[in-house]
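Colleague: In full-length UniProt numbering, the protein residues as written are 1 to 285.
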Amino acid sequence: MSRKREHEAEKENSERWLLTYSDLITLLMIFFVVLYSMSKVDAEKFKAVAASLNKALSGGTPAKIELATSPSGPSLFETGTPSSTTTVPGKDTDPNKTTHTDPDTTNWENLKTGQGNSDAENMSIEAIKAKLDKFAADNGIQSKLMSSIEERGLVISIQETLLFQSGSADINDRARQILERISTVLASSTNQIRVEGHTDNLPIRTAKFPSNWELSVIRSTNVVEILQSAGIAPNRLSAAGYGEYRPIASNDTEEGRGKNRRIDLIILRSKYDVTEPNTQNSNGN
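(1) Between ILE267 and GLY140, what straight-line distance do the alpha-carbon atoms span, to the nearest angstrom?
(2) Excluding the 5 residues flanking PHE209 on each side, which residues of the same chain have their C-beta closer than 6 Å to its C-beta?
(3) Could you say if the region 116-129 and the region 169-181 meet the contact criterion of at least three C-beta pairs nearer than 8 Å?
(4) With DSSP as the reference, label HIS100 as helix, strand or coil.
(5) I believe ILE182 touches ILE149 by the beta-carbon criterion, under 8 Å. Please report the beta-carbon distance rounded to the nearest angstrom.
(6) For ILE218, I'd like the list of residues in its chain whose CB is within less than 6 Å of its CB, leaving aside the five on either flank, ordered along the chain.
(7) First and last residue of the alpha helix (DSSP H) that includes ALA136?
(8) In the DSSP assignment, what are the bridge partners of GLU150?
(9) Roughly how many angstroms separate the alpha carbons of MET29 and ARG16, rounded to a whole number?
(10) CA-CA distance, ARG269 and SER147?
(11) Let me know the secondary structure DSSP gives LEU76 once reduced to three states.
(12) If you follow the beta strand (DSSP E) that LEU202 is in, where does it begin and where does it stop?
(13) Output the boundary residues of the alpha helix (DSSP H) element that contains ILE178.
(14) Could you check the C-alpha separation between LYS134 and ARG262 for me, to the nearest Å?
(15) From GLY258 to THR199, what distance separates their C-alpha atoms?
(16) Express the C-alpha separation of ASP138 and PRO236 in angstroms, rounding to a whole number.
(17) Over what stretch of residues does the alpha helix (DSSP H) that includes GLY258 continue unbroken?
(18) By DSSP, does THR113 sit in helix, in strand, or in coil?
(19) Starting from the Cα of PRO277, find the closest Cα among GLN228, ILE156, ARG194 and give me that residue.
(20) Measure from the alpha carbon of ASN166 to the alpha carbon of each residue in THR206, VAL224, THR275, then state which is nearest.
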């Protein structure tokens, strides 16, 4: 009896490998199912995400991104235009040597260091500033027409007394001549120009201007019309009114209020074209 039981025990133990084998097959099947599900990409959603990432990291208009397709379906995304530094085997190049420069990474590093603009554009902005400063000095208005270079571009600040009567948006003949002279300098560039109207915090309530909002907007719009009539392309111009809410000095003193009552002409750097509607193919045209 003991020999028969030992024989049956050996027979049962010899078949236990089937359990391990079936577990392995099951795990392999689950593994390939997971791989298969991961390979199915929603092309439209993936394209939208890729475009948003390109736009955020490059600081400009997102590059065209296309999804590479194959008979089995979509795969990983590729940029629409290959980099000029990417090595292509079979094109008189050594397939063992690869050189690659990522333009998006370069743009992102430039943005972080504040150097996202070309040297040519910086020289153009500095040249415009030098001409306007000389014009202001030659005409004795350097305390009322001032310019400064900021991150967003060249800011030309014109005090209210040089353009308007107090509480009025009408531009007199002398002010018109000054704006026309300024427009001849600005016409040499193709950058977007934003005209911003600002006031102090003293309230105004007239039939024509119920608040400082209306006064600042109408003033900036009137300046835009003169710049356009003087030769600035209208698709480069925009007008904004900020009322008393963007002061550059304290409104507690008359001197500070005088500085706040101003028109600012902003020559925007080209990297901000992405925030301006329909400017990619229309600058200066």
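A virtual CB, placed ideally from N, CA and C, is assigned to each residue, including glycine.
Modeller: In brief:
(1) 23 Å
(2) LEU215
(3) no
(4) Bear in mind that the predicted position of HIS100 carries a pLDDT of just 44, short of 50, making it unreliable; the figure below should be weighed with that in mind. HIS100: coil per DSSP, three-state reduction.
(5) In fact, because the Cβ distance is near 16 Å, the residues do not count as touching under 8 Å.
(6) ALA169.
(7) 119-138
(8) GLY153
(9) 21 Å
(10) 15 Å
(11) Because LEU76 carries a pLDDT of 35, less than 50, the predicted location of this residue cannot be relied on, and the following value inherits that uncertainty. Strand at LEU76.
(12) LEU202 -> no beta strand (DSSP E), and no H or E assigned at all.
(13) Per DSSP, ILE178 is one residue of the alpha helix (DSSP H) stretching across 173-186.
(14) Approximately 20 Å, taken between the alpha carbons.
(15) 9 Å
(16) The question names Pro, but residue 236 is Arg in the sequence shown. One C-alpha to the other measures close to 28 Å.
(17) 254-260
(18) Caution is warranted here: a pLDDT of 40 is assigned to THR113, below 50, making its placement in the model unreliable, and the coordinate value is therefore given only provisionally. DSSP places THR113 in coil when its eight states are reduced to three.
(19) Selected option, being the one with the closest Cα: ARG194.
(20) Contrary to the premise, residue 166 reads as Ser rather than Asn in this sequence. With distances taken between Cα atoms, SER166 lies closest to THR206.
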